[in-house]
Structure formats: structure tokens, C-alpha cells
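Below: one structure, written as C-alpha cells.
2 protein chains.
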Amino acid sequence: MLNERKLRILQAIIQDYIETAAPVGSRTLSKRYNLGISPATIRNEMADLEDLGFIIQPYTSAGRVPSDKGYRLYVDQFISLKKTKAIEQDCLVLDLLREIGEIEQMLQYSSKILSQLTNYTAIALSPQIKESRLRHIQLILINSDHLIVIIITDKGIIKKSVIRLDDKIDRDSVQVISNFLNDKLHGLAVKDITTELIKTLSAEYAHLGGLIEKIISEIFQSLDEINDIDIFLDGVMNIFNFPEYNDVLRARSFLELLEKKELLSNLITSFEDEGLNVSIGSENTYEEVKDCSLVTATYKMDDTILGWLSIIGPTRMDYSTVVSVMTQVSEFIMELLNSKHK
Amino acid sequence: MLNERKLRILQAIIQDYIETAAPVGSRTLSKRYNLGISPATIRNEMADLEDLGFIIQPYTSAGRVPSDKGYRLYVDQFISLKKTKAIEQDCLVLDLLREIGEIEQMLQYSSKILSQLTNYTAIALSPQIKESRLRHIQLILINSDHLIVIIITDKGIIKKSVIRLDDKIDRDSVQVISNFLNDKLHGLAVKDITTELIKTLSAEYAHLGGLIEKIISEIFQSLDEINDIDIFLDGVMNIFNFPEYNDVLRARSFLELLEKKELLSNLITSFEDEGLNVSIGSENTYEEVKDCSLVTATYKMDDTILGWLSIIGPTRMDYSTVVSVMTQVSEFIMELLNSKHK
DNA sequence: ATTAGCACTCAATGACATAGAGTGCTAACA
DNA sequence: TGTTAGCACTCTATGTCATTGAGTGCTAAT
Chain A
577 MLNERKLRIL QAIIQDYIET AAPVGSRTLS KRYNLGISPA TIRNEMADLE DLGFIIQPYT
637 SAGRVPSDKG YRLYVDQFIS LKKTKAIEQD CLVLDLLREI GEIEQMLQYS SKILSQLTNY
697 TAIALSPQIK ESRLRHIQLI LINSDHLIVI IITDKGIIKK SVIRLDDKID RDSVQVISNF
757 LNDKLHGLAV KDITTELIKT LSAEYAHLGG LIEKIISEIF QSLDEINDID IFLDGVMNIF
817 NFPEYNDVLR ARSFLELLEK KELLSNLITS FEDEGLNVSI GSENTYEEVK DCSLVTATYK
877 MDDTILGWLS IIGPTRMDYS TVVSVMTQVS EFIMELLNSK HK
Chain B
577 MLNERKLRIL QAIIQDYIET AAPVGSRTLS KRYNLGISPA TIRNEMADLE DLGFIIQPYT
637 SAGRVPSDKG YRLYVDQFIS LKKTKAIEQD CLVLDLLREI GEIEQMLQYS SKILSQLTNY
697 TAIALSPQIK ESRLRHIQLI LINSDHLIVI IITDKGIIKK SVIRLDDKID RDSVQVISNF
757 LNDKLHGLAV KDITTELIKT LSAEYAHLGG LIEKIISEIF QSLDEINDID IFLDGVMNIF
817 NFPEYNDVLR ARSFLELLEK KELLSNLITS FEDEGLNVSI GSENTYEEVK DCSLVTATYK
877 MDDTILGWLS IIGPTRMDYS TVVSVMTQVS EFIMELLNSK HK
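Protein chains in written order, with this note's numbering: chain A, 577 to 918; chain B, 577 to 918.
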């Protein structure tokens, strides 16, 4: 497709542009990288690279800037899976993760690590609670008409919610309901706990009386209201370090994007590949992210995807570092998760 | 201090500036507000107002801009406690609050309402957990070496945390510990549950064996690690609607301020006044907020302050609306809190 | 005490020239 | 035939300068 030399030049352009954020000219290129050819020759090759769509000239007589297609080639050719630059001293940082019991905290901390190591914005998605199976449901009576419901799933997610009851209830009834629910719902996927199920069940527990039936229905309702996926962000303000976001409008739209939890979650969960996924600018489906790149990894347990880790930043991203950091962090997380639950 | 006319002019300047964000000139003033005097007279008065430090001329031959001192006078003179502009149709919005059981959700939703009604950024601080008293502590065994600890305080705060145990434990021991803890700690302020207390207690429960002692110590430790105050933000990106934040640097430093949870919490908890507090620009102690204003209200139960609600924005803030909305929302919240816990 | 009139100030705006980085093309060269 | 030096050309960025206009302060008249 491209001869060795063109590839080398493209690589140099991209590396330089990633570093400097300024259009790269032929003279700069020949001075900084010993390509062994003159600026004039480089110019000819650059003209070809532009024809092929790998680089773009912002205006006549300016240097060249990589296109999304260019980045794509660069990532495919030069990044691959070679784990360069192991994060050594930072393993100390990772070790702190070991101490964390809750998966939510772990994800929050992971995204902190990711953003600190890469200087971009990190996103972590929790496992989908509705896809997980109920391991335990606990009811705690706070006072005669308030109940805390705690749900623990097989994937280690813990959710609590408070229910205000229309009717008073005593401790014994709570115990009855608690036993009943654990008995009937244990092992069920949360998404399968529907109003239809309630009806089926209600036949069986009719003997427990109408009050209890009512309370169970309230519990179901609160189940339905919890977030399916929690999103953890860190390093949001990192974008201000990049000149592409010196424009208030761009900064604003980036930051507003990060507030659209649903969009983010749809975007990121669409990367279901094995291992790592790099998605560059216009390759993204959503308009809001067409000038951003994402490097996304899944974390799994027993070969099923639990959740996602992602780095988002400008298309002028240091893909090499990000891919390397992401690979290592996500592998570490997975190791941790799987060792915990054995 | 100031004659009626000067006051009236100052008011007009501030109102105009709040609306337009542009320095206000004498001609504009005489045209837009029927002050009954000519621009020349206004100019003389404005010169006086400037000498007194209530308004500032950004440069010779520009219009006038209110100073922090000017805003202060304006707020003291014209805002007071007259509840203008009741949020009527929005009471529907408030009604949604009634449905929320958990205080955390309630605060999150309150800050959403506040930011939507005012178009500024809203902050809500949860009650300080360490100042509250333990009402109930619940232990849930997930598996043989993971324990969930749930704490419920008298102020309705619920916190959970997961503890990984170094040693295995069975259900019966958990029950023993649970009973023991509830027995000994019920009614104690969380801040008083210290390592010293552990030692005192350990003498009493020595008969329960070393394992249990160890576990209790782990529980204490996890108590110590929870956040004392949770901070809920909403409407963060609202600042982009104000021309003062069209400058990337200012926008950045504002947004970064909002990430400094500790600073925010110290700043806001310092307003312990009865009712509402308006803090304007340079009146704030922290450097980071010297070009912002805050309108802060406390919410209480039985005459003790539980937490805070606050609106933060540029000193050119629509104090009138903000104070009005804040008064109403905070009163609503308090009503709600106190009715729930009766 | 108020106001009309006027000279003055200064930011904002736009027109214009200049500098400089970089290109594409041509012709010479190995 | 591929490579390169040389050169004219392009276009942004930067700086200068004049113009405009909103607004002021001062003075003198009312």
C-alpha cells in the first residue's frame, strides 16, 4: 500500500504533530528526524500522502496535519500490542488498588490512575447491574415506615435504596419478606425481576397477606429505579492542557459531552472487542465525539464482559502511551477482580 | 450614608450591569430608567459613587461597573427577605422531592432544582457524618472473608463499605459482633468512635476472642475512611452562559475550583449564620473564589445545622432571583426533612 | 443645583503592510 | 530515473495606524 519511506514519513509527521500540535513542514521533518532525504523529496512524498488522504494541509502553504485515516494507519502499524514503557514505579500506585474492597471505589480509583498516567480524561463503567444475578437481598428496618433495601449481585455490585412505606411494618414481617425474597430471587438476573414476575409470585405469597404484597411491590419498584451502569470520571480538567481546547466553545462541548452519561455509556459499551479498541475521530458514531479519540478496554470475569475502561481525548492523542497504560491497568484490574472472587 | 438619589442610581447601575454585563454609562442610565435627571447630573453622582468605592471605571472614559462594595450595599438595601417571585409552577418540580427517601438523592436533586431555577451552579453539602450519632450498624456477610458494614445515623445518612477480612468468619460470629457493636455504639457520635474507644472496649469483649477483636478493629478503620461530608454539584456547565467565562483561563480556574472538594466544603461550612448568607467576591477568604459570589443557606433539624445548600456564580449575579429561589428551596427541604423524621 | 455643550480619552474595529514558514514547480544533477 | 537546489508564490500571523463611538469631566449658562 505505502512504501517503507512514505510510512516512515507519516510516522514522523504524526509523532511530531502529537508532540507539538503544530502543522509539520518538510524542513522541520528533515531536521528533526534523520530520514536521509532532503526537504524537497519529503515534499514530494507528502504531496502523495495527502493525495492518499493520510495527511491534510489546513491551507495552501501550511505544513501537514494527520487525518483520522492517517492516525488509523499509524495506530495499526506502529502501536500493536508491544507493551513498551512498562509503568514500573507506578506499580506502587496500582498496589493501592489491592486494598479496595468495593468495585465502585476500585473503578473510581482506576480512572484516577488512568488519567494521571496518561494526562487525558478517564472513564470507567461499572458492570451492568441488570445483567448480573442476585446473590443476596437484605432488608433493614430503620423505623416503622422506612426500609433500606440492599442488593448484592454475583458481580460484587452493592446497591442500597431507601423505601418509604405507606403502611407500618414490624420486624418480624420484614424477616418473613426477607426470607421469602432471598428464597425466590436468588440467582435470578436483575433484569428478569419484572412486574410480571411479581404477579406470578404474588399467587404464591398470597397467604402472607396484602400488606406484604404491597411492600414487595415497592421493593421491586425501587429495584427498577437504580442506575444500570454507573460512570466514573477522572481527569476531566486535563483537557485544558491541550491547545485544541483553548477555544471556549470546544472546551465547553467536550465538557458537556462528559455530562451526557447515557451517550457515554452507549458509546463505550459498543466496543465489545477482545482486548483493546482504539476509535479515532470520525470513526465514532456519535456526532459529539467526532473530534475525539477513545481507547477502550473491557474488563472481564470468566470470559464475560463486566465493564469498560476508557480514555478520551483529542484525536491528536499519544496513542502509544495510552494504549500501553490502558493495557497494563486493565490487565491489572482483571487479575485483581478474578483473584478476589475465587 | 448615601442620599436617596445616589442609592437609586447605584441600584440602576447594578441592575443594568447584571442584565447586560457591559459597563453602564450615564446616557444609557437616563434613557432606560426614568430617574428624572439628565445624564450630566448622573455623571456627577457617578463620580461621587466612584469616590466612595461603590462603582469602578474600568478605564478612563468607560462606563461604570459595580464594585464588590457596591454589590454589598445593593444586596443589603434591596434584597432583604422580601420573598418576591414565588416559584409557583415550579412547585411541581419541588414535589418530586417528596418522593425521595435517601438524603443523598434528595440533596442531589435539590442542587439540580437550584441550578435549573437560577442558571448558576448549585452545591449541596450532606450532613457531617462524624457529627451524627449512630443509630444502627448492620453487618452483612457476603462470603467467608468479605463483610459489608452499613451504618445508619440519626440524621438519616446511610453509608456502606466493604471490608476484606484477613481471616474467615462464620455467620454466627457476625451476629455476635453485630449485636455487640449495636449494643455498645448506639447513640454515640461517629467522631467519638476512635481507636481509643476500641481499646477501652476491647477489654470488655476480650472473652469473645482475638479474631473478633481484629475484625472489629477493621470495621473501625473503614468507619474512619468514609467521607465526612459528601458534596453534590449541579449546573456546573452553566457558567459557560456568562460572558465573564468566555476566557478559557477563567473558566478553567472556576471549574478546577469545583473539583477541590475540601476547599468548597471549608468555604461553605464557614457560613453558619441563621438563614441566608450572601458572600460577594473579595469578601470570600479563599483566593480561588475572590471573583465569585456565593449565596448559601443551611438546612437544619431541631435547631442544629445539618448541612448546606449554596449557589456559586460570578459577582455579577442576579442576587434577587438567587436569594428568592434559595430561600424557598431551603425552606422546602427543611420542611420535608423535619416532617419525615417525626 | 442642574444641565447643555464641548473637548478629550480610550477600547474596539478594520484596513494595510510585513515577516516568515512552507509549498509546488522547474531544472540541474548523480 | 530518482533526488535535490533554487525560486516564485501563498497564506497566516503579527504589528501598525487611522477611524469610530461610547462615555467622561469640566465649564459656563440656566
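Idealized CB from N, CA, C, for every residue including glycine.
Check, Outcome
"Interface residues of chain A facing residue 763 of chain B [CB-CB closer than 9 Å]", "Chain A residues near residue 763 of chain B: none, gap ~15 Å exceeds 9 Å."
"Whole-Å CB distance - residue 805 of chain A paired with residue 702 of chain A, under 8 Å assumed", "6 Å"
"Selection of the stretch 804-828 of chain B by Cβ proximity to chain A, strictly under 7 Å", "813, 816, 822, 824, 827, 828"
"C-beta contact flag for residue 641 of chain B and residue 593 of chain B at 8 Å", "yes"
"Residue burial classification, residue 860 of chain A (beta-carbon count within 10 angstroms, cutoff 16)", "buried"
"Proximal residues, the stretch 726-737 of chain A versus chain B, C-beta separation under 9 Å", "726, 728, 732, 734, 736, 737"
"For residue 621 of chain A and residue 586 of chain A, the rounded distance between their alpha carbons", "9 Å"
"Within chain A, the residues that residue 740 of chain B reaches when beta carbons sit closer than 7 Å", "677"
"Identified DSSP bridge partners for residue 517 of chain B", "With chain B represented from 577 up to 918, any question about residue 517 of chain B goes unanswered, as that position is not in the structure."
"Contact check, residue 655 of chain A vs residue 899 of chain A, beta carbons under 8 Å", "yes"
"Residues that residue 831 of chain B contacts on chain A, provided the C-beta gap is smaller than 7 Å", "813"
"Chain A within 8 Å of residue 904 of chain B, Cβ atoms only", "no"
"Per DSSP, the bridge partner or partners of residue 700 of chain A", "A:808, A:885"
"Cβ shell of residue 705 of chain B (< 7 Å), same chain only, five flanking positions each side left out", "729, 733, 735, 766, 802, 804"
"Distance between beta carbons of residue 647 of chain B and residue 856 of chain B, contact taken as under 8 Å", "5 Å"
"Straight-line gap, residue 908 of chain B to residue 742 of chain A (C-alpha atoms, nearest Å)", "21 Å"
"Residue of B:600, B:710, B:811, B:609 minimising C-alpha distance to residue 768 of chain B", "B:710"
"Residue-chain proximity (residue 714 of chain A, chain B), Cβ-Cβ < 8 Å", "yes"
"Residues near residue 764 of chain A by beta carbon distance below 6 Å, same chain, minus five either side", "710"
"Distance, residue 626 of chain B Cα to residue 634 of chain B Cα", "11 Å"
"Which of helix, strand or coil DSSP assigns to residue 720 of chain B", "coil"
"Residue 779 of chain A - DSSP class collapsed to helix/strand/coil", "helix"
"Any chain A beta carbon closer than 8 Å to residue 609 of chain B", "no"
"Span separating the alpha-carbon of residue 609 of chain B from that of residue 826 of chain A", "39 Å"
"Residue 793 of chain A classed as buried or exposed, judged by whether at least 16 other C-beta atoms fall within 10 angstroms", "exposed"
"Reduced DSSP category for residue 918 of chain A - H, G, I as helix; E, B as strand; rest coil", "With a pLDDT of 46 at residue 918 of chain A, under the threshold of 50, the modelled position of this residue cannot be trusted; read the value that follows with caution. Residue state, collapsed to three classes: coil."
"Assigned exposure category for residue 599 of chain A - 16 Cβ within 10 Å defines buried", "buried"
"CB contact below 8 Å: residue 724 of chain B versus chain A", "yes"
"Short CB-CB distance (under 8 Å) between residue 835 of chain A and chain B", "yes"
"Proximity below 8 Å, CB of residue 924 of chain A to CB of residue 590 of chain A", "Given that chain A is displayed from residue 577 to residue 918, the structure contains no residue 924 of chain A and the question cannot be resolved."
"Residues sharing a beta bridge with residue 712 of chain B, DSSP", "B:728"
"The stretch 811-831 of chain B in contact with the stretch 810-826 of chain A per 3-pair CB rule at 8 Å", "yes"
"Beta-carbon spacing of residue 834 of chain A, residue 697 of chain A below 8 Å", "yes"
"Interface residues of the stretch 581-608 of chain A facing chain B [CB-CB below 8 Å]", "none"
"Reduced DSSP secondary structure (H/G/I, E/B, other) of residue 740 of chain A", "strand"
"Residue 802 of chain A at chain B interface by Cβ criterion, 8 Å", "no"
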